[in-house]
Amino acid sequence: MGQHPANYFSEIDNTLAGQLAEKFGTPVFIMDKRGLLQRYYDLHAAVTQRYKHSMIAVSYKTNFLKGILALLHGVGAHAEVVSGVEYAVAKEIRLPHQRIVFNGPMKTRSELLMAINDNALINCDHEDEIDLIEQIAKDQRKVVPIGLRIYFREAQSSWSRFGFQVDSALSDTATEALIRRIRVSPNLHLAGLHAHIGTNIRDVQHFSRLGKYLSSFASLLKARFNIELDWIDVGGGLAGISPRKDENREVPYELPDAHEYADAIITPLLGYINSLTKPPLLIFEPGRTLFEASGGLLTRVIGRRSVTAGKSQALILDAGMNALSTCYLYDFPIRNFADNSDYVLTRLLGPTCNQADQLHTPIVMPSLNIDDLLLFYGVGSYCMAFSYSFIRFRPGVIIWHGDTFSEWIRHPETLSSNAMIGHVPESFARMNV
Ligand SMILES: Cc1ncc(COP(=O)(O)O)c(C=O)c1O
Numbered sequence: 002m003g004q005h006p007a008n009y010f011s012e013i014d015n016t017l018a019g020q021l022a023e024k025f026g027t028p029v030f031i032m033d034k035r036g037l038l039q040r041y042y043d044l045h046a047a048v049t050q051r052y053k054h055s056m057i058a059v060s061y062k063t064n065f066l067k068g069i070l071a072l073l074h075g076v077g078a079h080a081e082v083v084s085g086v087e088y089a090v091a092k093e094i095r096l097p098h099q100r101i102v103f104n105g106p107m108k109t110r111s112e113l114l115m116a117i118n119d120n121a122l123i124n125c126d127h128e129d130e131i132d133l134i135e136q137i138a139k140d141q142r143k144v145v146p147i148g149l150r151i152y153f154r155e156a157q158s159s160w161s162r163f164g165f166q167v168d169s170a171l172s173d174t175a176t177e178a179l180i181r182r183i184r185v186s187p188n189l190h191l192a193g194l195h196a197h198i199g200t201n202i203r204d205v206q207h208f209s210r211l212g213k214y215l216s217s218f219a220s221l222l223k224a225r226f227n228i229e230l231d232w233i234d235v236g237g238g239l240a241g242i243s244p245r246k247d248e249n250r251e252v253p254y255e256l257p258d259a260h261e262y263a264d265a266i267i268t269p270l271l272g273y274i275n276s277l278t279k280p281p282l283l284i285f286e287p288g289r290t291l292f293e294a295s296g297g298l299l300t301r302v303i304g305r306r307s308v309t310a311g312k313s314q315a316l317i318l319d320a321g322m323n324a325l326s327t328c329y330l331y332d333f334p335i336r337n338f339a340d341n342s343d344y345v346l347t348r349l350l351g352p353t354c355n356q357a358d359q360l361h362t363p364i365v366m367p368s369l370n371i372d373d374l375l376l377f378y379g380v381g382s383y384c385m386a387f388s389y390s391f392i393r394f395r396p397g398v399i400i401w402h403g404d405t406f407s408e409w410i411r412h413p414e415t416l417s418s419n420a421m422i423g424h425v426p427e428s429f430a431r432m433n434v
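35 is the number that the working numbering gives to position 34 of the sequence shown; each next residue is one higher, with no gaps.
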């Protein structure tokens, strides 16, 4: 079991928060190294205890920071990438024996060629990608193993934007035609299935159903086509701790139990797995559930507006929507360091000049003073990767090793390091613009 949600970052008290703010400035993202590693170990133990050929390939896009990803590779995590950019970073920082799982809707010819030569696991998104891999394989005189990203027609809440629609009874002709098309190719080998059903999923029954559908579909591939899979990739999707805004919930959730999740998804697959001559790899691609709880954002009150004297306050913070980029969807939990009990309804406003820059649904909290610090937490997934420069630059990220040791893993963006504002073209000078 993980820790109680109220305890995340509880070791960062007023004094330590002040020291961090002094050393690194605000706003600044904080990744809690020990919390992140603990969640990785919990997930890894839960899946490998149930099935030893399980592997965790961390979702790069969820927290695309070299320092964080290298830390996870150092303890055994593999890489799940969805673009050539992510692939290049994985090649640079992972350990040589660790495999890259290459997903995503756009893979260029040169990226695919590299992935084939690297023996990466490639999950195909659409027909033209299969054709392209076949051409490359032919040129290379190779048989290339491919996985198919699929979603099940009968799983109504599943994402359907990616991959191939199938049904678990393998009853429609389009799916059959797709399988036959791969089967007859001398250069392709159908080796894997990949599904990713959504994100922030708290009810593990959804994963149990996914396990059943995959098991049924894969068993039919074996019975009808004599295909034995080398890998089954069940994607990510497990929830974190932060409530969605539409849940109207003031307290964070506990992290979903890794063992319940592993049970839900692996148990229905075991019958199929045990029927094979060689045990397949079972791949997990956690993103949100791995990173979310261990990410914080330290911010400072830079101004106040007393909306109704003594009854409510509006605080202007130095971190805004460009930093906490998914605050339009989630009410991230907040730790404050005030020692007064003067609770008032509070609006938390960002510093950008944008009406939407409100970091939280109005919330009851102690009245604060200028320069007081606040720590948002539960922001380790997607926020850092999605943060953008709009009116203000992206904040930096530090890794907190526990106690008082922290260091930069991404420096704050500056005018010279930012590419968003572009340049004035030379022709303007010639034209006297
Ligand atoms: C293919 C794939 N795997 C893994 C993930 C990570 O998902 P999550 O952060 O919900 O765990 C995603 C996210 O969209 C994805 O598209």
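The C-beta atom is built at its ideal place from N, Cα and C for all residues, glycine as well.
Computed from a prediction, not measured in an experiment: that's the story for all the values here.
Classify Asn104 as helix, strand or coil using the three-state DSSP reduction.
Locating residue 104 in the sequence shown gives position 103, counting from the first residue. Looking at Asn104 - three-state DSSP - the assignment turns out to be coil, as it is neither helix nor strand.
Tell me, please, which residues DSSP counts as bridged to Ala58.
Numbered from 1 along the sequence shown, position 57 holds the residue referred to as residue 58. According to DSSP, which records beta bridges pairwise, Ala58 is partnered with His79.
Is Leu239 near Pro287, with beta carbons less than 9 angstroms apart?
Residue mapping note: residue 239 aligns to position 238 of the sequence shown, counting from 1. Residue mapping note: residue 287 aligns to position 286 of the sequence shown, counting from 1. In this structure, Pro287 lies closer than 9 angstroms to Leu239 by Cβ.
Candidates Phe218, Leu70, Arg250: which alpha carbon is nearest Ser382's?
Start at 1 with the first residue of the sequence shown, and residue 382 comes out as number 381. Out of Phe218, Leu70, Arg250, Leu70 has the C-alpha closest to the C-alpha of Ser382.
Is any heavy atom of ligand 1 found at a distance shorter than 8 angstroms from the C-beta of Leu283?
Looking up residue 283 in the sequence shown gives position 282. Every heavy atom of ligand 1 is 8 angstroms or more from the Cβ of Leu283, so no.
Taking the Cβ atom as the reference point for each residue, do Leu194 and Ile131 lie within a distance shorter than 9 angstroms?
Position 193 of the sequence shown holds residue 194. Position 130 of the sequence shown holds residue 131. Contact flag unset, no.
With distances taken Cα to Cα, identify the nearest neighbour of Arg150 among Val235, Phe30, Arg95, Asp173.
On the sequence shown, position 149 is the one that residue 150 refers to. Looking at the Cα atoms, Val235 is the closest of the given residues.
Check whether the Cβ of Leu239 lies closer than 8 angstroms to any heavy atom of ligand 1, and answer yes or no.
One-based indexing of the sequence shown puts residue 239 at position 238. Within the cutoff, so yes.
Residues that DSSP places opposite Asn337 in a beta bridge
For this step, residue 337 is matched to residue 336 along the sequence shown. BP columns for Asn337 point to Leu375.
Under the rule that 16 or more other beta-carbon atoms within 10 Å means buried, what is Ala420, buried or exposed?
Here residue 420 corresponds to residue number 419 of the sequence shown, with the count starting at 1. Sixteen is the threshold: since fewer than 16 other Cβ atoms of the shown chains lie within 10 Å of the Cβ of Ala420, the residue is exposed.
Distance, Gly26 Cα to Arg411 Cα:
For this step, residue 411 is matched to residue 410 along the sequence shown. For this step, residue 26 is matched to residue 25 along the sequence shown. Cα-Cα distance, rounded: 13 angstroms.
Does the stretch 5-13 come into contact with the stretch 273-286, if we say contact requires no fewer than three beta-carbon pairs (one atom in each stretch) closer than 8 angstroms?
Contact between the stretch 5-13 and the stretch 273-286 is absent, because fewer than three Cβ pairs lie under 8 angstroms.
Rounded straight-line distance, which links the Cα of Leu114 to that of Lys143
Residue mapping note: residue 143 aligns to position 142 of the sequence shown, counting from 1. Residue mapping note: residue 114 aligns to position 113 of the sequence shown, counting from 1. For Lys143 and Leu114, the distance between alpha carbons rounds to 11 angstroms.
Per-residue DSSP class, three states only, for Asp234
Here residue 234 refers to the residue found at position 233 when the sequence shown is read from its first residue. Reduced to three states, the DSSP call for Asp234 is strand.
Is the beta carbon of Thr200 within less than 8 angstroms of some heavy atom of ligand 1?
Sequence index remark: in the sequence shown, residue 200 carries index 199 (1-based). Checking every heavy atom of ligand 1 against the Cβ of Thr200, one is found closer than 8 angstroms.
Suppose only complete runs of 3+ residues qualify. What are the beta strand (DSSP E) ranges in the stretch 187-247, listed by chain order?
189-195, 232-234
Do the CB positions of Leu298 and Val29 come within less than 9 angstroms of each other?
The residue given as residue 298 occupies position 297 in the sequence shown. The residue given as residue 29 occupies position 28 in the sequence shown. Yes, Cβ-Cβ distance for Leu298 and Val29 is below 9 angstroms.
Cβ of Lys62 within 8 angstroms of any heavy atom in ligand 1?
The count along the sequence shown starts at 1 and reaches residue 62 at position 61. Because some heavy atom of ligand 1 lies under 8 angstroms away, the Cβ of Lys62 counts as near it: yes.
If you follow the beta strand (DSSP E) that Asn419 is part of, which residue opens it and which one closes it?
Counting from 1 along the sequence shown, the entry for residue 419 is found at position 418. Element bounds for Asn419: n/a, residue is neither H nor E.
Assess, as a yes-or-no matter, whether the stretch 163-171 is touched by the stretch 201-217 under the definition of 3 or more beta carbon pairs within less than 8 angstroms.
yes
Please name the residue, chosen from Pro253, His197, Tyr262, Leu277, that lies closest to Lys439 on a Cα-to-Cα basis.
Because the chain here runs from 2 to 434, residue 439 falls outside it and cannot be looked at.
Mind listing, in chain order, the continuous beta strand (DSSP E) runs of no fewer than 3 residues lying wholly within the stretch 353-405?
Listed in chain order, they are 364-367, 374-378, 397-401.
Quickly, what does DSSP pair Asp33 with across the bridge? List them, please.
As a first step, residue 33 must be located in the sequence shown, where it is residue number 32. Per DSSP, Trp401.
What does a CB cutoff of less than 6 angstroms around Thr300 pick up in its chain, not counting 5 residues either side in sequence?
Taking the sequence shown and counting its residues from 1, one reaches residue 300 at position 299. Non-local beta-carbon contacts of Thr300 in its own chain, meaning distances under 6 angstroms to residues more than five positions away in sequence, involve Thr27, Pro28, Leu318, Asp319, Ala320, Leu375 in chain order.
Would you report the Cα separation of Ser384 and Asn8, rounded to the nearest angstrom?
Against the sequence shown, residue 384 aligns to sequence position 383. Against the sequence shown, residue 8 aligns to sequence position 7. A small correction: the amino acid at residue 384 is Cys; Ser does not occupy that position in the sequence shown. Going from the Cα of Cys384 to the Cα of Asn8 covers about 21 angstroms.
Going by beta carbon distance, what residues of the same chain come within less than 7 angstroms of Gly199, once the five residues before and after it are set aside?
Here residue 199 refers to the residue found at position 198 of the sequence shown. These residues qualify, in order along the chain: Ser158, Ser159, Trp160, Gly238.
In the DSSP output, which residue or residues are listed as bridge partners for Asp346?
Here residue 346 refers to the residue found at position 345 of the sequence shown. What sits at residue 346 in the sequence shown is Leu, not Asp. According to DSSP, Leu346 bridges with Ser313, Val365.
Going by DSSP, what residue range makes up the beta strand (DSSP E) through Ser407?
In the sequence shown, counting from the first residue as 1, residue 407 sits at position 406. Per DSSP, Ser407 belongs to the beta strand (DSSP E) from 407-411.
Pro269 - containing beta strand (DSSP E), residue span
Working through the sequence shown from its first residue, we reach residue 269 at position 268. Not the beta strand (DSSP E): Pro269 falls in the alpha helix (DSSP H), residues 259-275.
His197 CB to nearest heavy atom of ligand 1 below 8 angstroms
Working through the sequence shown from its first residue, we reach residue 197 at position 196. Flag set: Cβ of His197 near ligand 1.
Once the 5 residues before and after Met2 are set aside, which same chain residues still bring their CB inside 7 angstroms of it?
Walking along the sequence shown from the start, residue 2 turns up at place 1. For Met2, the predicted model reports a pLDDT of 49, less than 50, meaning its position is unreliable; a value from the coordinates is still stated below. Within the same chain, Met2 has close Cβ partners Asp258.
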